[in-house]
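S.K.: When you line the sequence shown up against this note's numbering, it's residues 19 to 445, in that order. A virtual CB, placed ideally from N, CA and C, is assigned to each residue, including glycine.
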Amino acid sequence: MAEELVMPRLSDTMEQGTIGRWLKREGDAFAEGDVLAEIETDKALMEFQAYDSGTVLKILVDDGESADLGAPIALVGEAGEQAPADAGKAEKKPAKKRKREDSAAAEEAAPAPAAREPEAPVRAAAAPSGNGRAGGSAALRVSPIARRMADQAGIDLAPLAGRGSGPEGRIVKADVERLVKDGGAAEQPGGADAPAAAPPAGSELRDLTPMLKAVAARMAHSKQTVPHFYVESEIDMTRALELRKELNDGLDGERVSVNDLIVRACAMALIDHPQAHRSYVDGRHAYHAHADIGIAVALDDGLVVPVLREADTKSVRQISRETKDLVARARDGQLRQREIEGGTFTVSNMGMFDVANFEAIINPPESAILAVGGTVPRAVPVDGDIRVRSLMRVTLSCDHRACSGADGAKLLQSVKRYLQAPSLLLA
């Protein structure tokens, strides 16, 4: 008997998915574990695998079309079976309009539970997006339509956390409508109703991918709601570069990068300073037992931050091996969901792009991120003499709710100490 194949939950923040392309077409047989389609979510382009064997009888949502979480996207059954006569074109876009046309009561209902599909490889990922999505305060519960309305109106929902009129303080459509009526929309330059400036003549407008939308929304939300402060320092990397050369000369086919040393130094420093290695969550501090360090990887169209688990327990060689594996699979789209979530700190290194220094945006609920610039030779005074040293500028962005200025400064001092006395990294 024909069964509906529904839009699966492929990320913790997913509400809607877009079919990138079907890999199995109508009439094609498939086995358990086969990839049926590529689905674009707010985080990534991900592979949707079959849970059982069967045959695709009818595709209800074509390539490029969208459907809400749990909406039917295809009919599957036995070979030779016929799809019901009423399953056709009218069902192809059940999700595009359904949530917008449902009654307010239906829209504010609790989301469907996660499906039991296996973990899916990630093509590219980004931090989840703002208003109430995963990674923010646990008290900021927002219904999908309320979040969409708030994003469109430019309203920050963080002050309403836990005070919405829905169940358990959930922010619902009526709450956002009330804010809009009361003038709660964020003002734009020239007034709240000022239209967006038109692009210059000849410009090409392109829609953002779900991943880029997620990056834009998440970073905007972070800058609006997280009180950033910045601590900058200059690190003498001369001895660290010498150690790296010695390690690479002595290792058979393995190469340690400067970033591997930086990650190791950060992991050790974070364990040394628990006051700077905690997150602000719903009015409380969450202390982290291990340094799970995100490593920012630039892709052709976006950014992915795979997480190196328990970096504080790993040697420089282990960090090097695991980082290379994560970066390679990130660029090949083979990361798993668990490998891009749960970081406690991030290292963003743009030194290879000839960047002197920059300030990075924190990815909540992490409380800090280290921005690493290039290493350049410069003449500096050393023990009364002028010598050429390899200097690297770094900037630590911190969440002032989680750590004080002194905590951030002490953390950066320890990172600097480990890199300037790099034999400590091998302990």
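#1: Which residues in the same chain have their Cβ closer than 8 Å to the Cβ of R39, if we skip the five residues on either side of it in sequence?
#2: Going by CA-CA distance only, name the one from M286, A20, H303, H418 that's closest to Y436.
#3: Where does A304 fall in DSSP's three states?
#4: Round the Cβ separation of V398 and S251 to the nearest angstrom and send it over; I've been treating them as touching at under 8 Å.
#5: In three-state DSSP terms, what is K114?
#6: Could you check where the alpha helix (DSSP H) with P395 kicks off and where it finishes?
#7: Any contact of the stretch 413-423 with the stretch 378-395, i.e. 3+ C-beta pairs under 8 Å?
#8: Helix, strand or coil: which one does DSSP assign to G55?
#9: What beta strand (DSSP E) runs, 3 residues minimum, are completely inside the stretch 24-104?
#10: Roughly how many angstroms separate the alpha carbons of A445 and S408, rounded to a whole number?
#11: Would you be able to state if there are at least three C-beta pairs under 8 Å between the stretch 314-323 and the stretch 362-375?
#12: Distance check for G360 and D508, CA to CA, integer angstroms please.
#13: With distances taken Cα to Cα, identify the nearest neighbour of R188 among M255, Q34, R159, V373.
#14: If you follow the alpha helix (DSSP H) that N266 is in, where does it begin and where does it stop?
#15: So S422 is in the alpha helix (DSSP H); what residue range does that whole segment cover?
#16: Would you call the stretch 274-289 and the stretch 348-355 in contact, with 3 or more CB pairs under 8 Å?
#17: Nearest-angstrom Cα distance between D270 and K263?
#18: For A68, count neighbouring Cβ atoms within 10 angstroms of its own Cβ and tell me buried if that reaches 16, exposed if not.
#19: For D267, count neighbouring Cβ atoms within 10 angstroms of its own Cβ and tell me buried if that reaches 16, exposed if not.
#20: Counting Cβ pairs closer than 8 Å, one from the stretch 237-248 and one from the stretch 325-336, do we hit at least three?
#21: Looking only at C-alpha atoms, which of D193, D290, A294, G392 sits nearest to M167?
#22: Where does the unbroken alpha helix (DSSP H) through S408 begin, and where does it stop?
#23: In or out: I404 buried (at least 16 other Cβ within 10 Å) or exposed?
M.R.: So, from the listed chains and residues:
#1: Translated into positions along the sequence shown, residue 39 becomes position 21. Closer than 8 Å at the Cβ level, and outside the excluded window around R39, lie A55, E56, D81.
#2: Along the sequence shown, read from residue 1 onward, the residue named residue 436 stands at position 418. The shortest C-alpha to C-alpha distance from Y436 to any of M286, A20, H303, H418 is the one to M286.
#3: Here residue 304 is taken as the residue at index 286 of the sequence shown, counted from 1. In this structure, A304 counts as strand in the three-state DSSP scheme.
#4: Here residue 398 corresponds to residue number 380 of the sequence shown, with the count starting at 1. Here residue 251 corresponds to residue number 233 of the sequence shown, with the count starting at 1. That pair is no contact at about 14 Å.
#5: Counted from its first residue, the sequence shown places residue 114 at position 96. For K114, the pLDDT reaches just 39, beneath the cut-off of 50, and the residue's location in the model is therefore unreliable, although a value from the coordinates is still provided. In this structure, K114 counts as helix in the three-state DSSP scheme.
#6: Here residue 395 is taken as the residue at index 377 of the sequence shown, counted from 1. Here P395 belongs to no alpha helix (DSSP H); instead the beta strand (DSSP E) covers 386-400.
#7: Yes, since at least three Cβ pairs between the stretch 413-423 and the stretch 378-395 fall closer than 8 Å, the two stretches touch.
#8: Here residue 55 refers to the residue found at position 37 when the sequence shown is read from its first residue. Rather than Gly, the amino acid found at residue 55 in this sequence is Ala. If DSSP states are grouped into helix, strand and coil, A55 belongs with the strands.
#9: Complete beta strand (DSSP E) runs here, min 3: 34-40, 53-58, 63-67, 72-77, 84-86, 90-95.
#10: Residue mapping note: residue 445 aligns to position 427 of the sequence shown, counting from 1. Residue mapping note: residue 408 aligns to position 390 of the sequence shown, counting from 1. Note on geometry: alpha-carbon atoms of A445 and S408 lie some 23 Å from one another.
#11: Yes, they touch.
#12: Lying outside 19 to 445, the shown extent of the chain, residue 508 is not represented and no answer is given.
#13: One-based indexing of the sequence shown puts residue 188 at position 170. The residue with the shortest Cα to Cα distance from R188 is R159.
#14: The residue given as residue 266 occupies position 248 in the sequence shown. Per DSSP, N266 belongs to the alpha helix (DSSP H) from 256-268.
#15: Here residue 422 is taken as the residue at index 404 of the sequence shown, counted from 1. Following the DSSP letters along the chain, one finds S422 in no alpha helix (DSSP H), marked with neither H nor E.
#16: No, because fewer than three Cβ pairs between the stretch 274-289 and the stretch 348-355 fall closer than 8 Å, the two stretches do not touch.
#17: Translated into the one-based positions of the sequence shown, residue 270 becomes position 252. Translated into the one-based positions of the sequence shown, residue 263 becomes position 245. Each residue's CA atom was taken as its position, placing D270 and K263 some 13 Å apart.
#18: Here residue 68 refers to the residue found at position 50 of the sequence shown. The residue is buried, with at least 16 neighbouring Cβ atoms inside 10 Å.
#19: Locating residue 267 in the sequence shown gives position 249, counting from the first residue. That one is exposed.
#20: No contact exists between the stretch 237-248 and the stretch 325-336.
#21: The residue labelled residue 167 in the question sits at position 149 within the sequence shown. It is D193 whose Cα lies nearest to the Cα of M167.
#22: Here residue 408 is taken as the residue at index 390 of the sequence shown, counted from 1. Unbroken run through S408 is the beta strand (DSSP E), 403-417; no alpha helix (DSSP H).
#23: As a working mapping, residue 404 is identified with position 386 in the sequence shown. Classification for I404: exposed.
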